[in-house]
Every structure is written in C-alpha cells, then in structure tokens.
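Worksheet: one structure, shown below.
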Amino acid sequence: MQRYILSKKNSITLISAILIALAFFGRFSLDNMAIFNWSLIIASILGVAPIAIQAYQALKVKVVSIDVLVTIAVIGAVLIQNYEESAIVTFLFLFGSYLEQRTLNKTRSAIKELTELAPESALKQMENGEFEEVDVDDVDEGDILLVKTGAKVPVDGTVLIGEGHINEASITGESLPVSKKVDSEVFAGSILENGTIQIRADRVGEDTTFGRIIELVEEAQDSKSEAERFIDRFSKYYTPAVLVLGFIVWFFSKDIELAITILVLGCPGALVIGVPVSNVAGIGNGARNGVLLKGSEVINDFSRLDTIVFDKTGTLTVGNPEVAEKEFYGKNTEEVLGYLASVERESDHPLAKAVLQDIGETTFSTVEETEVVKGGGIVAKIGVHRIAVGNVALMEKENVKLSEKAKKDVERFEKNGNSLVLTAVDGELNVLMGIRDQIRPGVKKDLQKLKKLGVKNLVVLSGDNQGTVDLVARELGLTEAHGHMLPEGKSAYIEKMQAEGGIIAFVGDGVNDSPSLALADIGIAMGSGTDVAIETSDVVLMNSDFSRLPHALGLTKSTSRNMKQNITIAVGVVLVLLASLLFSEWMNMSIGMLVHEASILVVILNGMRLLRYRLRE
1 MQRYILSKKN SITLISAILI ALAFFGRFSL DNMAIFNWSL IIASILGVAP IAIQAYQALK
61 VKVVSIDVLV TIAVIGAVLI QNYEESAIVT FLFLFGSYLE QRTLNKTRSA IKELTELAPE
121 SALKQMENGE FEEVDVDDVD EGDILLVKTG AKVPVDGTVL IGEGHINEAS ITGESLPVSK
181 KVDSEVFAGS ILENGTIQIR ADRVGEDTTF GRIIELVEEA QDSKSEAERF IDRFSKYYTP
241 AVLVLGFIVW FFSKDIELAI TILVLGCPGA LVIGVPVSNV AGIGNGARNG VLLKGSEVIN
301 DFSRLDTIVF DKTGTLTVGN PEVAEKEFYG KNTEEVLGYL ASVERESDHP LAKAVLQDIG
361 ETTFSTVEET EVVKGGGIVA KIGVHRIAVG NVALMEKENV KLSEKAKKDV ERFEKNGNSL
421 VLTAVDGELN VLMGIRDQIR PGVKKDLQKL KKLGVKNLVV LSGDNQGTVD LVARELGLTE
481 AHGHMLPEGK SAYIEKMQAE GGIIAFVGDG VNDSPSLALA DIGIAMGSGT DVAIETSDVV
541 LMNSDFSRLP HALGLTKSTS RNMKQNITIA VGVVLVLLAS LLFSEWMNMS IGMLVHEASI
601 LVVILNGMRL LRYRLRE
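So the sequence shown is numbered by UniProt numbering: it starts at 1 and just counts up by one.
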C-alpha cells in the first residue's frame with residue numbers, strides 16, 4: 001500500500017490542486033463553506049498520505065526529516081480546524097518534490113547503448129585454414145582472425161598480415177584514422193575503413209580496451225552516490241528544534257492551540273518550494289540557451305568546480321582535419337592542383353579528403369599506372385607527367401630535391417602540428433600542404449571567460465601525439481596538456497585530481513570519454529557527440545556549441561546563490577514569525593498564514609529571476 005501511494009504522488013498533487021481551487025471557488029463564488037471545508041479536508045488527507053509515509057520511512061532509519069515536521073504540522077492544523085493551511089502546505093510540499101524529480105529523471109543509464117557498440121562476431125581461422133564467422137565469445141587468445149573493410153575489430157590484437165586504415169575514435173577519440181601494418185596493435189570496437197588484415201587475438205572479452213571502457217563506466221556510475229540535499233541536512237537540526245520548541249511551549253503553557261500554531265508557523269513552506277523553484281528556473285534558462293543540466297546536485301557541484309579537463313578532438317577542436325597551411329613552388333599552380341586532385345580522388349585516405357575539400361572545383365585528369373608506396377603516399381602517371389603525392393620520405397625516394405625554403409617550410413609546418421602532403425611533378429616539388437584538426441572558433445575567448453568565473457585549472461587530455469597537444473595548449477593558454485592518453489589514462493588522471501581535493505569537470509564527446517564523464521564530479525558532453533557520452537554526462541552542451549560552457553558555469557553559480565537566498569528568506573521568515581508569536585501580542589495564525597504565503601511568493605519570484613539570466617561580457 002505504501003509503495004502504491006508513493007507511486008501516485010504526482011496524481012495526488014494534481015488532485016490536491018483541483019480540490020484547493022474548488023474550495024476557494026465554493027467559498028468566494030458560491031458562498032458555500034461546506035464545499036470549502038470538505039474540499040480542503042480531502043486535499044489535506046490525500047496530500048499528507050505520501051508525506052507521512054516518507055516521514056515514517058525516515059524515522060525507521062532514525063532520521064528526523066522535514067517530512068516529519070510537515071506531517072505533524074498538517075495533522076495539527078487539521079486538529080485545530082485550519083484546513084486551508086493544511087491543504088496548501090501539503091500541496092506545496094508535493095509540488096516542490098515533483099518539480100525537482102522531473103529534472104533528476106532525465107539521467108539514464110548508458111550501459112545498454114555502450115554495450116551495443118561492442119562487436120558481436122568475428123571471422124576466425126579454423127583448423128582447415130578457412131575463416132568462419134563465430135560469436136565473439138568463442139574467440140580465445142592466440143586465435144587468428146580476419147577483418148575486412150568496414151568491419152569492427154573484434155578483439156585487441158596484433159596485425160600479422162595486410163595493412164589498412166583504422167578509425168579508432170571509439171577508443172582514442174581521434175577523428176583521423178590510423179595506418180596499420182604488420183606488427184601494429186589494434187583495438188576491439190575500432191573500425192577498419194579500408195584494407196584487409198589478419199590479426200592475432202591478444203586480449204578478448206572484458207579484457208579488451210573496449211571492454212574496460214564499459215567496466216569503467218559501470219564502476220564510475222556505481223561510485224557516484226547522490227549528494228544529500230541541503231534541505232534535508234538542514235532539517236536534521238531545524239525540524240527537531242521546532243518540535244522541541246512546540247513541546248516546551250505546550251509543557252509550560254498547557255496551551256495546545258499555541259503549540260500547534262508554533263508547528264504550523266514553523267512549517268517552512270517557502271523553504272520547501274524555494275529550492276526547487278530556483279533549480280527549475282535555472283534548468284529552464286539553461287535549456288533555452290542550449291545547456292541541459294541534469295538535476296540539482298549537478299548545479300551545486302558545477303557552481304563550485306575549480307578544474308575543467310577537456311578532451312581535444314571534437315571539444316577544443318572541430319573534429320575534422322583540414323588544410324591549415326600551404327606553400328606553392330614554381331609555376332602552373334592551377335594545373336598542378338588539378339593533378340593533385342586527380343590523384344587524391346583515387347584515395348579514400350582522410351588526408352586526401354582534406355586536400356580535395358581545400359582544392360574545391362578543378363579540372364580532373366585521367367590517372368594511369370597508380371602505385372601506392374607503403375608508408376609514403378601515391379605515385380601516378382598523368383599523360384607524360386609523373387606525379388608523386390605523399391610525405392618527405394616519398395620525396396626522397398623519388399629523388400625530389402627540397403630547396404632551403406622548402407626545408408624550412410616543412411620544419412615550420414611540422415612544428416605547428418601538421419600532417420604533411422607534398423606534391424611533386426616530374427621530380428620537382430610544387431605544393432606543400434599542412435593538414436590538422438582546427439581549433440574551434442572563439443574557444444580561446446570562452447576559456448578566458450571560464451577563468452574569470454573562477455576556474456583555476458584548464459587541462460587537455462588527448463589520444464593524439466604530445467606535440468600536437470602541446471601546440472593546442474600553448475595556443476589556448478591551458479594550464480596542462482597530456483597526450484597519448486587512452487580512456488583508462490584519462491580516468492586515472494581525474495581520480496588523481498579528485499584525490500588531491502579538487503572538484504573536477506570533464507568535457508568530451510566520444511564513447512572513449514564516457515568513463516571520464518561518469519567519473520568526474522561534473523561530466524559535460526558536447527551535444528553532437530555519441531549517445532553514450534550524452535547519457536553518461538551531467539551537463540550537455542546542445543549542438544556542440546562550446547560557447548555555451550561559460551554561460552552554463554555562470555548560470556549554475558547564480559542558481560546556487562539564488563537557492564541560498566531563498567533558504568535565507570524562508571528560514572528568516574519562520575524565525576520572525578516564531579519570535580513574534582512568542583514575544584508579542586499582535587501575532588496570530590491568520591497574520592502568520594498571510595506572511596507565510598507572502599514569503600512563498602517572494603521566493604518564487606526570486607527564483608524566476610533566473611529565467612532572465614545572461615552572462616555579463
């Protein structure tokens with residue numbers, strides 16, 4: 001029965017509201033006191049039922065919660081036939097709980113979505129040498145597996161035969177596929193974008209890197225216990241104090257009506273509604289400005305953070321490699337770019353896609369005798385011309401001499417964190433392109449805003465090489481930069497920072513980020529990231545708009561201040577009412593009720609101010 005009543009709290013809240021409205025309609029429109037009284041009596045009984053059950057459950061574990069005080073106050077108000085107060089108090093209490101619960105219910109488990117990304121089958125070499133499809137659970141360490149273009153790598157392993165490009169975004173978060181050849185290490189859950197490889201299974205099942213990601217998410221979510229609400233902590237002292245005060249007054253005065261009046265006036269209606277209103281107004285402002293805040297605990301922790309840790313790709317950077325720098329040597333530039341585009345059109349390498357995007361519309365030529373040079377690039381023939389497109393090693397192999405200027409350009413491009421694409425026609429260098437992931441526009445300005453809002457440490461963790469990460473850190477003015485980071489490394493870093501007493505936020509967008517998002521005090525996901533990252537996080541920046549992050553931090557700080565203001569108003573009003581009741585002759589229940597309702601209106605209006613919040617420039 002208790003479980004059934006608690007499950008119907010929202011319905012009871014709605015019915016109570018209708019009954020209260022009916023009561024006042026009957027009194028002021030029909031001048032019918034019977035309708036007024038009986039509607040409020042029924043609303044009081046219905047409303048106090050779930051509150052009384054919660055009070056009983058709290059008392060069973062030796063906690064004198066605010067539910068206990070509300071229950072006693074409502075019963076007392078009914079006993080002295082003050083049905084209006086009893087009905088309104090129960091409705092406000094239930095409605096406040098409903099408002100806060102709505103925001104908390106948005107957080108859902110991401111484990112199901114994460115496990116669905118894990119590979120389910122593998123092509124395993126049998127005793128006769130043929131490859132057959134088997135369940136991934138039937139793969140053992142040492143087995144030989146075949147991975148074809150477009151397939152997921154089923155286990156962690158080592159390449160024995162073949163080569164290709166693998167998208168490891170699910171593991172490292174990096175958008176640029178990695179070239180794999182014999183003896184290269186591959187990870188379960190990554191995708192072979194082109195080529196065919198045979199691998200030896202080194203780690204299978206839960207021991208794979210992808211399996212450990214799932215395990216990390218589960219552990220982090222399990223270790224994240226809900227923070228005890230501030231009001232409940234406060235009520236540990238406040239509720240017993242009011243009860244003791246009411247008992248003392250009754251004991252010495254023998255005035256039961258006065259004692260119950262103290263409980264009624266001491267019932268913190270504004271305190272009950274003040275915090276949920278601030279939360280909902282803050283969350284509503286965030287939603288209108290592209291920031292999803294998942295609950296009141298998030299607001300409290302977010303407002304106090306001192307360190308923000310960022311994933312690089314897709315967070316600080318755009319996530320798509322582009323041509324960032326280029327130099328031209330010699331004449332006939334347009335003709336050479338046409339040759340380059342014609343050759344790159346034959347390749348599905350991500351660098352080739354970046355080159356084609358940069359060149360745009362051009363005149364394509366027929367490519368003949370294409371030769372892929374392992375670890376170097378492509379050599380092709382167009383008409384009578386020999387075209388070489390690739391890295392510096394390919395130029396050396398093709399006997400292309402680099403001028404002093406070209407050598408300095410190559411050194412500069414590499415120092416800037418670029419991947420190089422050189423183009424030579426008939427043994428002469430014509431084009432040098434530097435390709436890298438671009439930093440998000442305006443991100444530096446946004447990071448400066450975060451510093452002004454009190455964030456002490458800005459840290460980047462990335463699976464990319466240390467040189468590229470250092471470049472991003474220098475350009476953006478970050479506190480620390482760490483490269484070559486796998487998911488467990490990022491999680492370990494966050495745990496280390498938390499052990500040192502910091503309140504840590506992590507910002508990311510990939511599956512590989514989900515353990516860190518779950519483990520951090522505040523997980524912040526970019527809205528165009530994976531569903532797993534979004535579900536695991538506490539805050540979502542819709543449309544991956546990084547500029548919303550300073551607004552989110554400023555908003556949570558204002559919301560936290562607003563909650564404290566409402567608590568101060570609510571408690572202050574109660575103290576004034578009780579002091580006036582005990583030490584003056586003008587205070588009575590009618591005046592007290594009027595002040596109660598006025599204080600509720602004040603905290604609601606104060607909370608609603610958050611809907612108009614804007615971050616000051």
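Just so it is clear, CB atoms sit at the ideal spot from N, CA and C, and this is done for glycine as well.
Distance, residue j Cα to residue i Cα
i	j	result
V249	D255	8 Å
E495	S516	9 Å
K106	L292	Reliability of the predicted coordinates at K106 is poor, the pLDDT of 39 falling under 50, and no value is obtained from them.
S16	T317	52 Å
L263	L30	32 Å
R108	D156	Note that R108 has pLDDT 38, beneath the 50 cutoff, so the model's placement of it is unreliable and no number is given.
M1	L59	18 Å
T397	T315	The displayed chain sequence assigns Lys, not Thr, to residue 397. Straight-line Cα distance between these residues: approximately 38 Å.
L519	G572	38 Å
E548	L447	With the sequence shown as reference, residue 548 is identified as Arg, and Glu is not the correct amino acid for it. Going from the Cα of R548 to the Cα of L447 covers about 11 Å.
V355	F364	14 Å
A481	V469	6 Å
A281	F302	16 Å
V460	L305	16 Å
G266	I504	38 Å
A220	S537	Caution applies to A220, whose pLDDT of 40 falls short of 50 and renders its modelled position unreliable; the model cannot decide the point.
E132	V139	11 Å
S44	E120	56 Å
L146	D348	21 Å
A110	M526	With a pLDDT of 39 at A110, under the threshold of 50, the modelled position of that residue is not reliable, and no figure is offered here.
G129	E193	25 Å
A393	P177	20 Å
G290	S514	21 Å
V244	F210	57 Å
Y238	G274	16 Å
T71	F95	15 Å
I191	D202	17 Å
V602	Q565	11 Å
Top-ranked residue by Cα proximity to residue i, from the options
i	options	result
G286	I51, A492, D311 and I299	I299
I18	G554, F36, V421 and L605	F36
H484	G467, L471 and L476	G467
E344	E327, D306, G390 and E398	G390
K445	L581, V460 and G477	G477
E327	A87, R412 and I308	R412
residue 649	L471, T370 and P441	Absent from the model: residue 649. The displayed extent of the chain is 1 to 617, so no value can be given.
R440	V277, R200 and F546	F546
L555	L458, I161, R616 and V89	R616
V323	A151, F25, F310 and L351	L351
G189	G150, E163 and T196	G150
R561	E325, V540, L610 and A473	L610
M542	V507, M563, K557 and V576	V507
T261	H596, V602 and A201	H596
T479	G489, Q498, L486 and L458	L458
L6	F28, G47 and A23	G47
Buried/exposed call for residue i, threshold 16 Cβ in 10 Å
i	result
T568	exposed
F251	exposed
H165	buried
P240	exposed
M395	buried
M126	exposed
H385	exposed
G330	exposed
G360	exposed
residue 632	This structure does not reach residue 632, given that the chain is present from 1 up to 617, and the question cannot be answered.
V79	Correcting the residue identity first, residue 79 is Leu in this sequence and not Val. Exposed, by the Cβ-count rule.
M33	exposed
Y613	buried
G383	exposed
D183	exposed
V61	exposed
D426	exposed
F91	buried
Just list the alpha helix (DSSP H) runs in the segment 330 to 413, keeping only unbroken ones of 4 residues or longer that don't cross its boundaries, in chain order. Qualifying alpha helix (DSSP H) stretches, in chain order: 333 to 344, 350 to 359 and 392 to 397.
Mind listing, in chain order, the continuous alpha helix (DSSP H) runs of no fewer than 4 residues lying wholly within the segment 14 to 66? 33 to 60
Whole runs of the beta strand (DSSP E) within the segment 431 to 514, excluding any shorter than 3 residues: 457 to 461, 480 to 482 and 504 to 508
Are at least three pairs of beta-carbons, each pair with one atom in the segment 420 to 427 and one in the segment 337 to 351, less than 8 Å apart? yes
Ordered list of beta strand (DSSP E) runs contained in the segment 243 to 305, each at least 3 residues: 291 to 293
Going residue by residue through the UniProt domain "P-type ATPase A" (117 to 218), where are the continuous beta strand (DSSP E) segments of at least 3 residues, counting only ones entirely within it? 121 to 125, 131 to 135, 144 to 147, 156 to 167, 178 to 180 and 191 to 203
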